[in-house]
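Here is the structure we will look at.
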Amino acid sequence: MTVKIEKPKMLPPKNDFGEWYNEVIRMAEIVDTTYPVKGFQTWLSYGWMIRNKVFNILRKFLKDTGHEEYYFPLLIPDNLFSLEKETAKGFEGEVYWVTKGGINPLAVKLAIRPTSEIPIYLMFSKWIRSYANLPLKVWQLVNTVRYETKATKPLIRVREITSFKEAHTAHASKEDALKQVDEAVNIYKKLFETLGIPYIISRRPDYDKFPGAEYSIAFDTVFPDGRTLQIGTVHYHGQRFAKSFDIKFLDSNGETNYAYTTCYGLSERVIASLIAVHGDDHGLKLPPDIAPLQVIIIPITSGKESDNLILEYSNKIAEKLSGEFTVKVDNRDLRPGKKYYEWELKGVPVRIEIGLKEVESNTVTVFRRDNFNKINVKTDNLLEEVQKLMNEIIENMKSDADKNFKSKIYQSEVFFSFTEQDAVSILIDEETGEFKGGIVEVPVCDNVKCELQISNYLTVLGEPLEHRNIKGKCICGRKAVKIIRVSKQY
Ligand SMILES: [Zn+2]
Numbered sequence: 042m043t044v045k046i047e048k049p050k051m052l053p054p055k056n057d058f059g060e061w062y063n064e065v066i067r068m069a070e071i072v073d074t075t076y077p078v079k080g081f082q083t084w085l086s087y088g089w090m091i092r093n094k095v096f097n098i099l100r101k102f103l104k105d106t107g108h109e110e111y112y113f114p115l116l117i118p119d120n121l122f123s124l125e126k127e128t129a130k131g132f133e134g135e136v137y138w139v140t141k142g143g144i145n146p147l148a149v150k151l152a153i154r155p156t157s158e159i160p161i162y163l164m165f166s167k168w169i170r171s172y173a174n175l176p177l178k179v180w181q182l183v184n185t186v187r188y189e190t191k192a193t194k195p196l197i198r199v200r201e202i203t204s205f206k207e208a209h210t211a212h213a214s215k216e217d218a219l220k221q222v223d224e225a226v227n228i229y230k231k232l233f234e235t236l237g238i239p240y241i242i243s244r245r246p247d248y249d250k251f252p253g254a255e256y257s258i259a260f261d262t263v264f265p266d267g268r269t270l271q272i273g274t275v276h277y278h279g280q281r282f283a284k285s286f287d288i289k290f291l292d293s294n295g296e297t298n299y300a301y302t303t304c305y306g307l308s309e310r311v312i313a314s315l316i317a318v319h320g321d322d323h324g325l326k327l328p329p330d331i332a333p334l335q336v337i338i339i340p341i342t343s344g345k346e347s348d349n350l351i352l353e354y355s356n357k358i359a360e361k362l363s364g365e366f367t368v369k370v371d372n373r374d375l376r377p378g379k380k381y382y383e384w385e386l387k388g389v390p391v392r393i394e395i396g397l398k399e400v401e402s403n404t405v406t407v408f409r410r411d412n413f414n415k416i417n418v419k420t421d422n423l424l425e426e427v428q429k430l431m432n433e434i435i436e437n438m439k440s441d442a443d444k445n446f447k448s449k450i451y452q453s454e455v456f457f458s459f460t461e462q463d464a465v466s467i468l469i470d471e472e473t474g475e476f477k478g479g480i481v482e483v484p485v486c487d488n489v490k491c492e493l494q495i496s497n498y499l500t501v502l503g504e505p506l507e508h509r510n511i512k513g514k515c516i517c518g519r520k521a522v523k524i525i526r527v528s529k530q531y
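The sequence shown begins at 42 in the working numbering and counts up one residue at a time.
Below is the structure:
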């Protein structure tokens with residue numbers, strides 16, 4: 042049968058990305074942004090289920106690599122906050138302070154955590170006594186608040202980061218700590234690969250590293266509007282925090298030494314990326330492992346007596362699949378086209394359509410959300426077919442996302458003569474004249490001034506981790522010695 046898809050008028054096309062994003066998170070019931078405190082949002086049930094699925098995958102990866110989940114306190118006393126000077130300075134403009142308890146002013150004002158280095162390292166200093174306590178690998182998934190001054194955007198730039206996953210580790214040697222940095226990078230790679238979110242890894246420039254870190258490594262992805270979003274970071278602290286917080290241990294020779302620490306974090310920006318990278322004009326497109334509902338069954342009834350047969354058959358099909366998948370029969374009294382659109386909007390990977398024709402031939406019609414293909418499947422093979430489809434869906438989603446991502450990374454051997462117009466023009470499509478965005482890799486000399494000059498116009502994401510042969514000249518005309526990546530960043 043032909044069912045006309047009924048598109049609500051509200052979802053703008055994805056190439057109008059800003060509008061599309063705001064509408065899709067509202068219409069697909071991810072978050073409600075109407076709460077009257079700027080940058081604070083309400084997660085809706087469907088969005089929260091997606092969020093939990095993502096973080097449960099990460100939870101497993103962390104557990105498998107020996108990380109233990111903890112919970113550290115929300116408030117940080119002012120005197121501790123100022124202990125690590127660079128961190129205090131770095132977060133100076135972003136901290137919310139608690140200054141009163143009820144009607145009484147507090148003797149020591151309390152910071153609401155913008156991040157948890159301080160409470161965690163304070164406790165580390167109490168727990169770590171000898172090399173036998175190391176390595177110590179802890180993590181927590183909490184909310185943090187930061188007084189963000191730029192324009193806020195749901196799940197991307199917020200004042201309450203509701204889903205801040207931070208891991209902190211302490212080690213007996215620099216070598217161990219550096220290995221931990223590698224392990225952290227690998228965990229994040231695995232997570233983003235599982236979700237089909239393409240990324241590029243860069244070592245952030247020194248002037249843009251985490252306050253207090255020796256160096257920072259970051260994962261960035263490219264959004265459909267061509268701007269990049271930082272989606273995960275890994276920091277090596279050396280002994281700096283250990284010295285500020287007195288995290289000392291007795292080594293195997295009986296000598297006292299400061300520990301080496303690392304930390305790595307990501308947030309609900311992962312959910313934003315999942316939505317932005319995979320979605321289309323119809324709405325969300327969810328990888329099967331993340332979808333709260335994996336199969337929606339739509340009985341195509343027509344008000345005739347045969348409707349009962351169709352409903353009964355639909356329930357039987359649901360039962361058949363329910364051991365392996367989360368399944369639901371949508372038997373609401375609505376037109377099928379309306380139901381189709383609703384579930385496409387919510388990104389359900391597989392839809393099963395059942396009319397009288399299917400009942401009579403002992404088949405079902407299976408629709409794939411990722412590429413809109415429909416096939417007719419015998420019910421005897423249904424379970425295997427749907428399993429196969431789910432694998433194909435995630436692979437297809439990954440390959441689409443990768444292709445798109447790779448097409449947005451450009452190499453520029455000979456850098457432009459430097460004016461603001463030129464800086465932006467490298468990210469402009471010559472044919473259409475439109476901002477195409479993406480990431481440009483450009484050669485620069487070793488004078489940081491040249492990088493800083495570029496950073497007046499574009500964000501410097503940093504250097505590739507891997508070795509590159511360097512060709513070309515810097516903007517100053519000198520021979521280039523390294524590659525930096527630049528983009529317009531969120
Ligand atoms: Zn230069």
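Heads up, the beta-carbon is just placed ideally off N, CA and C, and yes, glycines get one too.
Minimum C-alpha distance to residue i - residue among the options
i, options, result
"K94", "K523, P329 and K379", "P329"
"L121", "S166, G474, W84 and T75", "S166"
"V179", "I358, G306, I66 and G503", "G306"
"I416", "I435, N437, E394 and V400", "E394"
"Y531", "L163, E135 and A192", "A192"
"L16", "V489, K231 and P252", "Outside the modelled stretch of the chain, which goes from 42 to 531, sits residue 16, for which no answer is possible."
"V311", "D321, N298 and L327", "L327"
"G142", "L151, S308 and V136", "L151"
"V522", "Y498, E492 and L502", "E492"
"S314", "K284, H323 and D261", "D261"
"I339", "Y382, E309, I71 and G107", "Y382"
"K575", "I358, G107, T297 and L103", "There is simply no residue 575 to check, as the chain begins at 42 and stops at 531 in what is shown."
"R563", "F282, N497, V139 and I525", "For the chain, the structure presents residues 42 to 531; residue 563 sits outside this window and is missing."
"S257", "A213, A283 and T302", "T302"
"I238", "V263, R245 and Q428", "V263"
"L99", "D487, S343, V427 and G273", "G273"
"W84", "R67, E504 and I435", "R67"
"E504", "M438, K250 and E471", "K250"
Euclidean distance between Cα positions of residue i and residue j
i, j, result
"T367", "V78", "36 Å"
"S347", "K398", "11 Å"
"N184", "I495", "34 Å"
"C515", "S453", "11 Å"
"N63", "D57", "11 Å"
"L196", "A208", "20 Å"
"G364", "N422", "15 Å"
"Y277", "V222", "7 Å"
"S243", "L325", "29 Å"
"I337", "I351", "15 Å"
"G467", "T500", "Correcting the residue type first, residue 467 is Ile in the shown sequence and not Gly. If I take the Cα positions, the gap works out to 13 Å."
"R154", "K512", "45 Å"
"E109", "K369", "36 Å"
"W138", "A359", "52 Å"
"F476", "K529", "10 Å"
"P176", "M431", "39 Å"
"R392", "I316", "19 Å"
"E353", "T420", "14 Å"
"S285", "N145", "31 Å"
"M438", "K447", "14 Å"
Buried versus exposed, by CB contacts within 10 Å (16 or more), residue i
i, result
"F233", "buried"
"L362", "buried"
"G158", "Residue 158 is actually Glu in this sequence, not Gly. Buried, because 16 or more other Cβ atoms sit within 10 Å of the Cβ of E158."
"P54", "exposed"
"F413", "exposed"
"A173", "exposed"
"A300", "buried"
"V65", "buried"
"T128", "buried"
"H319", "buried"
"I161", "buried"
"M51", "exposed"
"G474", "exposed"
"L116", "exposed"
"K357", "exposed"
"S308", "buried"
Practice task
Report yes or no: do three or more beta-carbon pairs, one from the stretch 407-418 and one from the stretch 363-378, lie closer than 8 Å?
Solution key: no
Practice task
Kindly confirm or deny that the stretch 381-397 and the stretch 331-340 touch, where touching means at least three C-beta pairs closer than 8 Å.
Solution key: yes
Exercise for the section: Could you please go through the chain and list the residues whose beta-carbon is closer than 7 Å to any non-hydrogen atom of ligand 1? Expected result: V485, C486, N488, C491, C515, I516, C517 and R519
Practice task
Pair every Cβ in the stretch 288-302 with every Cβ in the stretch 261-275, then say whether three or more of these pairs are closer than 8 Å.
Solution key: no
Exercise for the section: Decide if the stretch 209-221 is in contact with the stretch 80-100; the criterion is three or more beta carbon pairs, one per stretch, under 8 Å apart. Expected result: no
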